[in-house]
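**Student:**
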């Protein structure tokens, strides 16, 4: 609930030819911090980190991540999305470390943020720390509000302004929820997000 605190850390060490995928959902402690560290220690290793934060009121959600390569031919994909309303505050600090030994690395990191209130805020810091010279790596961050043109388009199709906004928020969140491989958990989170957008 909104009066609780959650502090967590996940540390993963991946060996050769391993695959690791994680989806973290943060919905509502007063203060939460989740740190994820993934160490790829063998070749042909793949990491996928997905996250969704949906907070309101005066909640603070803090996410820190590290993906460290120490071999060639590693891959990683990270997508973290935040939805903030009220006076909430989200933090995303993600780092991908690619030393000289990690040639032929392919890694991407993206943090997308949706502000639903003029008082909500986000601090985002995606980082690429690359020493290797034969890699394909990208990172980025976006911070936006609901697009008035998208809301207008839905309204022109007979959808109310409130329902159009709910639909856009729902679509933003579902990109992460759809990646969860457990149908019953997908359903529960879909219902939670639907209630949250009302």
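In our numbering, the protein residues as written are 1 to 198. Ideal Cβ positions, reconstructed from N, Cα and C, are used throughout, including at glycine. Because the structure is a prediction, the values reported are computed rather than measured.
Measure the C-alpha to C-alpha separation of residue 3 and residue 88 and round it to an integer number of angstroms.
**Tutor:** Distance between the alpha carbons of residue 3 and residue 88: 14 angstroms.
**Student:** Roughly how many angstroms lie between the CA atoms of residue 112 and residue 102, to the nearest whole one?
**Tutor:** Approximately 27 angstroms, taken between the alpha carbons.
**Student:** What would DSSP say about residue 143, mapped onto helix, strand or coil?
**Tutor:** Here residue 143 sits in strand by DSSP.
**Student:** What residues match up with residue 284 in a beta bridge as DSSP calls it?
**Tutor:** Outside the displayed range of the chain (1 to 198) lies residue 284, so it cannot be described from this structure.
**Student:** Apart from the five residues just before and just after residue 14, which ones in its own chain have a Cβ nearer than 6 angstroms to its Cβ?
**Tutor:** If we look at residue 14 and ignore the five residues flanking it on each side, its Cβ neighbours are 20, 40, 45.
**Student:** Which partner residues of residue 68 appear in the DSSP bridge assignment?
**Tutor:** Beta-bridge pairing links residue 68 to 39, 97.
**Student:** Would you list the one or two residues that DSSP bridges to residue 138?
**Tutor:** BP columns for residue 138 point to 108.
**Student:** Buried or exposed: where does residue 187 fall if 16 or more other Cβ atoms within 10 Å of its Cβ makes it buried?
**Tutor:** Residue 187 comes out exposed.
**Student:** Evaluate residue 126 with the Cβ neighbour count: other Cβ atoms within 10 Å of its Cβ, from every protein chain shown; 16 or more gives buried, anything less gives exposed.
**Tutor:** Looking at its Cβ environment, which holds 16 or more other Cβ atoms inside 10 Å, residue 126 is buried.
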